[in-house]
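In our numbering, the protein residues as written are 1 to 97.
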């Protein structure tokens with residue numbers, strides 16, 4: 001597998017095979033009914049500098065994945081802001097009763 005390859009698996013398989021993925025080295029895209037619900041990027045335990053290097057590797061994999069799906073940073077920020085606004089609207093609705 002290439003370092004950018006990401007295995008696609010269902011939620012049930014991810015849950016039942018969790019130790020395999022925790023101790024493995026392959027990033028995983030978790031799907032529910034064919035739709036992406038999350039990603040898992042394994043990180044090896046180590047020193048602070050090793051942790052930083054691992055996080056940089058995860059960031060590079062994530063950037064690659066986003067580019068493959070045609071998603072930009074602006075798209076993520078826009079969706080995040082929309083979700084925050086929807087959450088605030090729901091909270092106001094709950095307060096108004």
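In this text, a Cβ means the ideal position worked out from N, Cα and C, and glycines have one as well. All values derive from a computational prediction rather than experimental measurement.
*If I'm right that residue 58 touches residue 43 with Cβ under 8 Å, what's the distance once you round it to whole angstroms?*
Numbered from its first residue, the chain shown carries residue 58 at position 58. Numbered from its first residue, the chain shown carries residue 43 at position 43. About 6 Å separates the two Cβ atoms, so the contact holds.
_Residues in the same chain with beta-carbon distance under 8 Å from residue 11, minus the five sequence neighbours each way, listed in chain order, please._
In the chain shown, counting from the first residue as 1, residue 11 sits at position 11. So the list reads 30, 31, 32 and 37, once near-sequence residues are dropped.
*Pull up the distance between the alpha-carbon of residue 85 and that of residue 47, whole angstroms please.*
Along the chain shown, read from residue 1 onward, the residue named residue 85 stands at position 85. Along the chain shown, read from residue 1 onward, the residue named residue 47 stands at position 47. Residue 85 and residue 47: Cα-Cα distance of roughly 39 Å.
*asked:* In this structure, how does DSSP classify residue 52 when only helix, strand and coil are distinguished?
replied: Against the chain shown, residue 52 aligns to sequence position 52. Three-state result, residue 52: helix.
*Cβ-Cβ separation, residue 21 to residue 14 (assumed contact under 8 Å), whole Å*: The sequence position of residue 14 within the chain shown is 14, counting from 1. The sequence position of residue 21 within the chain shown is 21, counting from 1. At roughly 7 Å, the Cβ-Cβ gap stays under 8 Å, so residue 14 and residue 21 are in contact.
*In this structure, what does DSSP give as the bridge partners for residue 35?*
The residue you call residue 35 lines up with position 35 of the chain shown. Residue 35 is bridged to 32.
*Could you check the C-alpha separation between residue 70 and residue 78 for me, to the nearest Å?*
Working through the chain shown from its first residue, we reach residue 70 at position 70. Working through the chain shown from its first residue, we reach residue 78 at position 78. For residue 70 and residue 78, the distance between alpha carbons rounds to 15 Å.
*In terms of DSSP beta bridges, what is residue 7 paired with?*
By 1-based counting over the chain shown, the position of residue 7 is 7. 28.
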